[in-house]
Structure formats: C-alpha cells, structure tokens
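Notes follow the structure.
2 protein chains.
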Amino acid sequence: MSKFRFHISMSLDGYVAGPNMSEDDPLGEGGPQLHEWMVPLRAFKELQGQDADGEVNASTPIVEGMFQNVGATIMGRRMFGPASGPWGSDPWRGWWGEDPPYHHPVFVLTHHAREPLEMEGGTTFHFVTDGIEATLERAREAARGRDVLLLGGADVAQQYLAAGLIDELDLSIVPVLLGAGGRLFENIGGARLALEQVRAVEAPGVTHIKYGVRAG
Amino acid sequence: MSKFRFHISMSLDGYVAGPNMSEDDPLGEGGPQLHEWMVPLRAFKELQGQDADGEVNASTPIVEGMFQNVGATIMGRRMFGPASGPWGSDPWRGWWGEDPPYHHPVFVLTHHAREPLEMEGGTTFHFVTDGIEATLERAREAARGRDVLLLGGADVAQQYLAAGLIDELDLSIVPVLLGAGGRLFENIGGARLALEQVRAVEAPGVTHIKYGVRAG
C-alpha cells in the first residue's frame, strides 16, 4: 500500500534546524552538522548527479532507500528555496539546481500561488496553497500508488504529525546538541501517536531509526 | 581510567519522565513506558534478586553492562525514595527493597542531611547535601578506580551535563512520545558538549546509543 513517509536528521536534543533560521540560512546555526553524515557518501553524491567517488558505509542503504518506491515528495517553502535574495539570476528556481535529485513531482507548501516549475530530469515543483491535507491528496494522486515522501522542514512536519497523517518516520539521530532552534516534536498538540520501532541501523556518526506511526 | 557514566531511558521526544511527577509518582504520567523494554528481561529480574525466568534479547548485554566495573552509583533523592508517605513501615528505606540491586555505595543528592543507611547485599546509601561536585568526588573515592554510574533523575542529570562532568552517556531511546514532563536536554545552560557516537544497538522496542562526552 502507498505510504506517507517522513525522513529527517535530528540532533540528540530533538532539533531538526538550529537557531536563527532565516531565508538565507534555512538550517539555522549549527544546522549543517545534522547532515554531515550524508555528505561523504557516494550514494548522496550520485543523488546530486555527481560522478565523484565517495564512501560506502552503513548509511548507504538508508540514503538509497529514501527515494525507493517514492512517486512524489512534499516539502515546505523554505526547503524549496529562498523567497528572494541574491541566490543566482533566478532565485525562485530553488536550492536544488537545474536537475534536482527528485525525478518526480515535488509539492511545495506555500502561501503564494505560482505556476508549476518544470526542471530537468523529471522533477516538477508544484506550489500548493490550500494546506497540508490538500497537498497530501495531490501528492498521493501524482504518486500513482507509490509512496509519498515528506522531507521537512520542522513546521510542515509538525503539522503533518499533529494531523496524524504520517505512516512512517525515519529519523537519523546525530550526535550533536544544538540547544535551540526548531524542535521536531513540538506544536503537535495533543496528537496521540503510537510508535512502533521498525529497525535501527548503527552507522558512522549517526543512528537511523525507523518507526511505524499510528494515530492512536 | 575511571569514568563517570550516565544511563537513562528517554522517549523519542526527549523526556526521561512524564508530566505531573510527584513524590508518589516519580516517573510521571506515562513514565513507566520508558522502562517497559527492560521489565521482561531475565538480566533485569536477576538484578532485582528474582530467580524467575525471563527473556534474553539484544538488550541483555546493555542491562548486564550497566553495572559492570561500577564502584559507586549517584542518584537524585526522588529516585532513592519518597520523602514521606504511606510507603511501608519505614518510608525512608527507599524504593529499592531490603537488598537493593547495587551492591556498592550509592550517593543520594539531597537537601536533608541524614546518617548513611546500610542495606543487605553490600549497598549503603549515603546522603550528600553539598552539591553535585562534592557528591561526584565522594563517589569517585568510594569507587576506588572503578566507574561511577549516574542513574537520574532529570534534574540531577541536567546539573551534571551543564557542569560538563559526564564522560559517557548511554541512552535507551524508546518509541514513545510523552509530550510533556522532564526533558533531559534542558537547563544545561550554554554547556558546549561535544558528543561522539560510540555504539548503537537495535533491540526489541528500544535502541541503545552510547556517546562519549567532552566539555568543548
């Protein structure tokens, strides 16, 4: 069955972004540490269309599995790209380059309507302004029976958690204390979520734990 | 070298006790879920002097290792026992029965001075009123070159983390969201702690991650 899956890297103290996030610094102070485990991996470089050599380690199947059987991705507007600013000649083409690593429809939650943006390699960004449930519906349709992947950021994830809509949570827990920033498990209201640990993988500098989620 | 180690079970959202903790409910609402992974284990029953059968699984070496090479334990006063109340004929003998599972000196951080309490099986509770550093010093001396183990609760652990005194952190991360209660990584001030992931163990219903800690 098609699942709604959520992958994110989290500090040991529960933050998915550091303090003082802004348009030009969506990960916040210290936030890039959350993704350091991924950077040296060949699987990660390949996602970005780079041919460079890279490491193969216990995180490799995690990165490779992230997009397996995924037919559509959902992300928040800041994760797509800055609203404005000195980010190249056309800032609204997002952070992800001309050939983004998705190769399927990507639904961007935003307050500002906009025409779809077709990139190279099969990625089209769709900008959805009518909330998380409508976005998920559209993504499910576009995924045609495959999974839908949620990639963040914190506020979008909190909304989906609060609504009890996520089926599977894959957290990469990083040995870092950020001390402030965007906490994943906050503002999820009285949402009663029952978790079941599906698997845990020890990898260099990170532990990947996958949970099944049921709204209880 | 003698290490100062800290073991605790934590919910995925970072709580080591649930909301509405009190003298008669030191784990708070939902808090007992944090220890459910441990309850069926033979190794845990043996610690409590029970001969009963029990499970052996990937958590077994974690429980067995908890007290390995430990010469003294530190805990907060609530973890020792209630200050007063209907807890048996002598409430001040603590939660741990007449033959506590420690079999070595246990140092209880408290605001109320009291003579040491000698129990069966080699456990003596010492009540220390002059703060976390003096308590650690006394525990180190009593441990005679072996490790010192810190077991909680949250406020005592926060104080030791804030002071940068802990060498090793072993967290048992439980697939539960408590939503409120005592968070481990709070009130640790601007403490700059550098963590290094030492090992992660997948076990039924829990993931055990050990970190080396350096005050940075």
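Each protein sequence line maps, in turn, to chains C and F.
Everything in the first sequence is counted per our numbering, starting at 210 for the first residue and increasing by one.
Everything in the second sequence is counted per our numbering, starting at 210 for the first residue and increasing by one.
Just so you know, even glycine gets a beta-carbon here, dropped at the ideal spot from N, CA and C.
* **Rounded C-alpha distance that separates R241/C from P384/C** => The sequence shown places Pro at residue 241/C, rather than the Arg named in the question. Taking the straight line from one Cα to the other gives about 13 Å.
* Cβ-based contacts, 8 Å cut-off: residues of the region 363–389 of chain C near chain F -> For the region 363–389 of chain C, which is checked against every Cβ of chain F, the residues closer than 8 Å are L380, I382, P384, V385, L386, G388.
* Contact set between the region 390–408 of chain C and chain F, restricted to residues whose Cβ is under 7 Å from the partner -> Here the close residues are F394, L402, L404, E405, Q406, R408.
* Taking V212/F as part of the beta strand (DSSP E), name the residues at either end of that continuous run. => Checking the displayed sequence, the identity of residue 212/F turns out to be Lys instead of Val. Per DSSP, K212/F belongs to no beta strand (DSSP E) and is neither H nor E.
* Give the range of the beta strand (DSSP E) segment to which P314/F is assigned. => Run containing P314/F: 314–318, per the beta strand (DSSP E) assignment.
* Taking only beta-carbon atoms, is E411/C less than 7 Å away from chain F? -> Taking CB atoms only, E411/C has a neighbour in chain F less than 7 Å away.
* Asked: So what does DSSP say about G297/C, is it helix, strand or coil?
  -> Because the pLDDT at G297/C is just 45, under 50, the model does not fix this residue reliably, and the point stays unresolved.
* Same chain, Cβ closer than 8 Å to M219/F, five either side skipped, listed in chain order -> Taken in chain order, the residues that qualify are V225, L243, L380, S381, I382, V383, L393.
* Span of the alpha helix (DSSP H) holding D364/F? -> For D364/F, the enclosing alpha helix (DSSP H) stretches over residues 363–371.
* Asked: Among L386/F, D376/F, K419/F, which residue has its Cα nearest to the Cα of Q406/C?
  -> Shortest Cα-Cα distance from Q406/C to any of L386/F, D376/F, K419/F involves L386/F.
* G303/F to P310/F, Cα distance in whole Å? -> Using only the alpha carbons, I get a separation of about 12 Å.
* By a C-beta neighbour count over all protein chains shown, 10 Å radius and 16 as the cutoff for buried, is R214/F buried or exposed? -> Classification for R214/F: buried.
* Going by alpha carbons, who is nearest to T269/C out of M284/C, D364/C, E411/C? -> Just measuring C-alpha positions, the residue of M284/C, D364/C, E411/C sitting nearest T269/C is E411/C.
* Asked: What residue range is occupied by the uninterrupted alpha helix (DSSP H) comprising V248/F?
  -> Run containing V248/F: none; DSSP gives neither H nor E here.
* **chain F within 7 Å of I271/C, Cβ atoms only** => Look at I271/C: its C-beta is not under 7 Å from any C-beta on chain F.
* **Residue-level contact to chain F via CB, A424/C, 7 Å cutoff** => For A424/C, the answer is no, since every Cβ of chain F falls outside 7 Å of its Cβ.
* To do: Measure the CB-CB distance between T333/F and F316/F and report whether it falls below 7 Å.
  => Using a Cβ distance threshold of 7 Å, T333/F and F316/F do not count as a contacting pair.
* Indicate whether T338/C and A322/C have their beta-carbon atoms separated by less than 7 Å. => Yes. Within cutoff.
* **Residue range of the unbroken beta strand (DSSP E) whose run includes A352/F** => Taken as a continuous stretch (DSSP letters only), A352/F belongs to no beta strand (DSSP E), being part of the alpha helix (DSSP H) at 340–352.
* Can you name the residues that DSSP bridges to G285/C? -> For G285/C, DSSP records a beta bridge to L318/C.
* In the DSSP assignment, find the alpha helix (DSSP H) that holds T426/C and state where it starts and stops. => As shown, chain C starts at 210 and ends at 425. That puts residue 426/C outside it, with no answer to give.
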